[in-house]
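Residue numbers (the UniProt record's numbering): 1 to 631. Read the structure below first, then the notes.
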Amino acid sequence: MTRTSTYQHDYLQALEQPEMFWAEQAAALNWQTPPKTILEPGADGYYRWFPDGRLNTAWLALDAQVAAGRGEQAALIYDSPVTGAREHISYRQLTERVARCAGMLRELGVGRGDRVIIYMPMVPEAVVAMLGCARLGAVHCVVFGGFAAHELAVRIDDAQADVVITASCGIEVDKVLAYKPLVDAAITEARHTVKHCVVLQRLQCQAELYQDRDLDWRQAMANAEPVEAVAVAATDPLYILYTSGTTGKPKGVVRDHGGHAVAMRYSMEAVYGMQPGDVFWAASDVGWVVGHSYIVYGPLLSGCTSVLYEGKPVRTPDAGGFWRVCAEYKVKALFAAPTAFRAIRKEDPEADLAKQYDLSHLQRLFLAGERLDPPTWAWLEQHFQRPIIDHWWQTETGWAIAANPAGYELQQAKPGSATWPMPGFQLSVLDDEGQPVPAGVQGNIALKLPLPPGCLSGIWGNPQRFRDGYLSHFPGFYQSGDAGYLDEDGYVFVMGRTDDIINVAGHRLSTGEMEEVLGSHPAVAECAVIGVPDELKGELPLGLVVLKNGVELQEPQLCAELSALVRRDIGALACFNRALVVKRLPKTRSGKILRRIMRQMAAGHSFQTPSTIDDPACLDELANQLGGNRA
Numbered sequence: 001m002t003r004t005s006t007y008q009h010d011y012l013q014a015l016e017q018p019e020m021f022w023a024e025q026a027a028a029l030n031w032q033t034p035p036k037t038i039l040e041p042g043a044d045g046y047y048r049w050f051p052d053g054r055l056n057t058a059w060l061a062l063d064a065q066v067a068a069g070r071g072e073q074a075a076l077i078y079d080s081p082v083t084g085a086r087e088h089i090s091y092r093q094l095t096e097r098v099a100r101c102a103g104m105l106r107e108l109g110v111g112r113g114d115r116v117i118i119y120m121p122m123v124p125e126a127v128v129a130m131l132g133c134a135r136l137g138a139v140h141c142v143v144f145g146g147f148a149a150h151e152l153a154v155r156i157d158d159a160q161a162d163v164v165i166t167a168s169c170g171i172e173v174d175k176v177l178a179y180k181p182l183v184d185a186a187i188t189e190a191r192h193t194v195k196h197c198v199v200l201q202r203l204q205c206q207a208e209l210y211q212d213r214d215l216d217w218r219q220a221m222a223n224a225e226p227v228e229a230v231a232v233a234a235t236d237p238l239y240i241l242y243t244s245g246t247t248g249k250p251k252g253v254v255r256d257h258g259g260h261a262v263a264m265r266y267s268m269e270a271v272y273g274m275q276p277g278d279v280f281w282a283a284s285d286v287g288w289v290v291g292h293s294y295i296v297y298g299p300l301l302s303g304c305t306s307v308l309y310e311g312k313p314v315r316t317p318d319a320g321g322f323w324r325v326c327a328e329y330k331v332k333a334l335f336a337a338p339t340a341f342r343a344i345r346k347e348d349p350e351a352d353l354a355k356q357y358d359l360s361h362l363q364r365l366f367l368a369g370e371r372l373d374p375p376t377w378a379w380l381e382q383h384f385q386r387p388i389i390d391h392w393w394q395t396e397t398g399w400a401i402a403a404n405p406a407g408y409e410l411q412q413a414k415p416g417s418a419t420w421p422m423p424g425f426q427l428s429v430l431d432d433e434g435q436p437v438p439a440g441v442q443g444n445i446a447l448k449l450p451l452p453p454g455c456l457s458g459i460w461g462n463p464q465r466f467r468d469g470y471l472s473h474f475p476g477f478y479q480s481g482d483a484g485y486l487d488e489d490g491y492v493f494v495m496g497r498t499d500d501i502i503n504v505a506g507h508r509l510s511t512g513e514m515e516e517v518l519g520s521h522p523a524v525a526e527c528a529v530i531g532v533p534d535e536l537k538g539e540l541p542l543g544l545v546v547l548k549n550g551v552e553l554q555e556p557q558l559c560a561e562l563s564a565l566v567r568r569d570i571g572a573l574a575c576f577n578r579a580l581v582v583k584r585l586p587k588t589r590s591g592k593i594l595r596r597i598m599r600q601m602a603a604g605h606s607f608q609t610p611s612t613i614d615d616p617a618c619l620d621e622l623a624n625q626l627g628g629n630r631a
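In structure tokens form, the structure reads like this:
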């Protein structure tokens, strides 16, 4: 974008002349081979961006920034209140570490297109590992460091990864979580053989290393020779990031090099209003898409300084931690999930701790990952008197579908709305038959193809699942899986999921996956998991369980046992701690469980008895336990 662009001009150009618009954005990058073809339709009805271009994302994020004179500028600021560690890492230093990491990986046999699993806490080595893979043209797959061994094993098998990079432990507020036993268990469970496991030893917990397979990170890095970046095709995969699927099997979202780099560079300016040298803080984790896009790639591709924070919104040490970091490092824009600010508000309702810090450099607050509820929006606006920018995007899109674009002229905000679609996203609200609905009427949010650069290029190893899950229901559109509406001014309101995914503190979790775990309990005959509203975390899972005949088990004991199973097989981040024993689950005559009605009950809303229900009396029984009233 140019500094004289307006939102209206760029939105219309991206809509009517997408190749011209995105060619201009691509020209901001230093390609090894600039693309001549900007957009190429695929045989499957999907599209590819910049198919004949060649580049390397890690080189653009590091070497190119050093060449531009930013070598001594901080690329990363690492702040760890759980350990007390702090470090400023310049672009030159980060480039050297990444080149050496790439050399280490090359000595382990990793090359272009090979997959590497990264299972790390929020430490600089995690970023180095990601960029080291990208420098070689290898594909990194970052798995959040709280996932259970089984979940890690599933990802090892799906990605067919020969190398795992991990740490000896992660550090929470009140405990040290040993990672290596989880990794060892996952490698044992996985069908695919992991050849090498590189372990960062942390002082808080030393891991046992197996002689034939495991390497010490520091020793391996010290012995490695730095390597140059490998130019790859723009359409080559940069990373795989797994997101929950309604079947319980995670989906490996694939992001390419070229379109992703263009989108990151553009969105840092257009969405967030950031310029080279600015300090940007995405208070997330590298295991999530926010961490990929806006802790690592977006800020570095834009010559910004990115904050890497190993802590929580509260209890590290208190609810003023976020504001301390913003003041100390002169953060210009802070991006976090609404859950984080709800936690801060709960601990510090009058924002007294924030008043202890100089926040004069903090210009804007960005929120995403779940719906920004109007009370949280109002609290932030009241106490911080800065633009509070709600924006909506997905793991699949990689950047904002809709936002109040700080790089253009900010629009009047509407609480509960993500404002307008960003240039490149043509958004429609459709009924179940694929027909547009009037303004103000809720329906399925769909995006007309082609999607802009930076969006997923497919599902790893499963093109049919990609077509079935996203492209087939509304031909010519990408099905977002979210429901919402457009108001008469074109503002986007996203109200929730249309599928069985729940959003716990900004983490997308599959209810189907949890149901598989609950169903494994010997006392459970049948079960369903729904998301129920929670003031702090947005949603929490609730298990509805039908016991086998003859089983006598007290509900508190069953709940504790089911919670332990979910923690073991999925992880603590699922926050599963509530189950109700019910006589039966409401179903259609074809046997489909009526989850939507149960969600309405649990939220205290009115519900209607569908004509397809098998036994209407079942709803009365359930309403007595969950709440809700017939409409």
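Note that CB positions come from ideal geometry on N, CA and C, so glycine has one too.
Helix, strand or coil at residue i [DSSP, three-state]
{"i": "H88", "result": "strand"}
{"i": "Q412", "result": "coil"}
{"i": "T419", "result": "strand"}
{"i": "S563", "result": "helix"}
{"i": "K448", "result": "strand"}
{"i": "C133", "result": "helix"}
{"i": "I156", "result": "helix"}
{"i": "Y78", "result": "strand"}
{"i": "A623", "result": "helix"}
{"i": "C326", "result": "helix"}
{"i": "residue 635", "result": "Within the shown structure, residues of the chain are numbered from 1 to 631, placing residue 635 beyond reach of any answer."}
{"i": "V551", "result": "coil"}
{"i": "W377", "result": "helix"}
{"i": "F335", "result": "strand"}
{"i": "G440", "result": "coil"}
{"i": "E396", "result": "coil"}
{"i": "C455", "result": "coil"}
{"i": "P181", "result": "helix"}
{"i": "T166", "result": "strand"}
Cβ distance (whole Å) where residue i is taken to contact residue j below 8 Å
{"i": "I240", "j": "G258", "result": "Not confirmed; about 17 Å, so no contact."}
{"i": "C304", "j": "P276", "result": "7 Å"}
{"i": "A418", "j": "H391", "result": "5 Å"}
{"i": "V582", "j": "L544", "result": "5 Å"}
{"i": "W399", "j": "A263", "result": "5 Å"}
{"i": "V164", "j": "V194", "result": "5 Å"}
{"i": "G137", "j": "D236", "result": "6 Å"}
{"i": "A14", "j": "M104", "result": "The Cβ separation is near 41 Å, so there is no contact."}
{"i": "S457", "j": "R255", "result": "7 Å"}
{"i": "L152", "j": "L177", "result": "With a Cβ gap of about 13 Å, L152 and L177 do not count as contacting."}
{"i": "V110", "j": "L76", "result": "Between L76 and V110 the Cβ distance is about 23 Å, and since that is not below 8 Å, they are no contact."}
Sequence-distant residues of its chain with Cβ nearer than 7 Å to residue i (five each side left out)
{"i": "L353", "result": "D318, A319, G320, W323"}
{"i": "M122", "result": "D285, V286, L308, Y309, E310"}
{"i": "G490", "result": "W420"}
{"i": "E39", "result": "Reading the sequence as shown, one finds Leu at residue 39 and not Glu. Excluding residues within five positions, the ones whose Cβ falls inside 7 Å are P18, E19, Y47, W49, P450."}
{"i": "T498", "result": "N444, G481, D482, A483"}
{"i": "G145", "result": "Y119, M120, P121, G170, Y179, G287"}
{"i": "A525", "result": "V546, L547, K548"}
Same chain, Cβ closer than 6 Å to residue i, five either side skipped, listed in chain order
{"i": "N133", "result": "Looking at the sequence provided, one finds Cys at residue 133 rather than Asn. Hits under 6 Å: V116, H140."}
{"i": "R86", "result": "D79"}
{"i": "D534", "result": "L540"}
{"i": "G454", "result": "G259, H260, A263, G398, W399"}
{"i": "C197", "result": "V164, R213, D214"}
{"i": "W379", "result": "R345"}
{"i": "C618", "result": "R584, P586"}
{"i": "F147", "result": "G571"}
Neighbourhood of residue i by C-beta distance below 8 Å, restricted to the same chain and skipping five residues each side
{"i": "V82", "result": "I171, E172, V173, E310, G311, T316"}
{"i": "P374", "result": "P415, G416"}
{"i": "R218", "result": "L200, Q201"}
{"i": "V232", "result": "R54, L55, N56, R112, G137, H257"}
Practice task
Tell me, please, whether the stretch 268–282 touches the stretch 470–480 by the rule of three or more beta-carbon pairs shorter than 8 Å.
Solution key: no
Practice task
Please confirm if the stretch 591–602 is in contact with the stretch 563–581, defined as three or more CB-CB distances below 8 Å between the two stretches.
Solution key: Taking a cut-off of 8 Å on C-beta distances, the stretch 591–602 does not touch the stretch 563–581, as fewer than three cross pairs fall below it.
Problem - alpha helix (DSSP H) runs wholly inside the stretch 570–605, at least 4 long, in chain order - result: 595–602
Problem - Runs of beta strand (DSSP E) lying entirely within the stretch 220–304, each at least 3 residues, in chain order - result: 237–243, 251–256, 279–282
Exercise for the section: Could you name each continuous alpha helix (DSSP H) segment of 4 residues or more that falls completely within the UniProt domain "Acetyl-coenzyme A synthetase N-terminal" (7–59), going from the start of the chain to the end? Expected result: 7–16, 18–26
Handout entry: Any 3 or more C-beta pairs closer than 8 Å across the stretch 286–295 and the stretch 52–70
Key = no
Handout entry: Secondary structure, beta strand (DSSP E): runs of 3+ residues fully inside the stretch 342–367
Key = 364–367
Handout entry: Every unbroken beta strand (DSSP E) within the stretch 485–521, with a cutoff of 3 residues, ordered by chain
Key = 492–497, 501–504, 507–510
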